[in-house]
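Counting with our numbering, you get residues -11 to 50 for the letters of the sequence shown.
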Amino acid sequence: MGARKLDEESWESYAERLIQKAQQDGAFDNLPGFGQPSSLIDSQLTMRCEFRPSRATTRQLV
């Protein structure tokens, strides 16, 4: 990539392309815990953050 400006390609599509290439090359295949559920799913902190009700009222959103 070098000094080429990313005006021709968004950062998102560039990052997605790099991730897809790494997946094809098997870069993620031998990571610790590969194929196992994430330990973050069972985290109490994660659960509280994901399911915390929104405090914004309808009036604030309009």
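Beta carbons: idealized from backbone N, C-alpha and C, even for Gly. Just so we're clear, the structure is a prediction, and the values are computed from it rather than from any experiment.
Item to check | Whole-angstrom distance between Pro25 and Ile7, CA atom to CA atom | outcome: Annotation: Ile7 to Pro25 spans about 20 Å, alpha carbon to alpha carbon.
Item to check | Straight-line gap, Gln11 to Asp17 (C-alpha atoms, nearest Å) | outcome: 8 Å
Checklist entry - Taking the continuous alpha helix (DSSP H) assigned at Ala15, which residues delimit it? => result Note, Ala15: premise wrong, no alpha helix (DSSP H); not H, not E.
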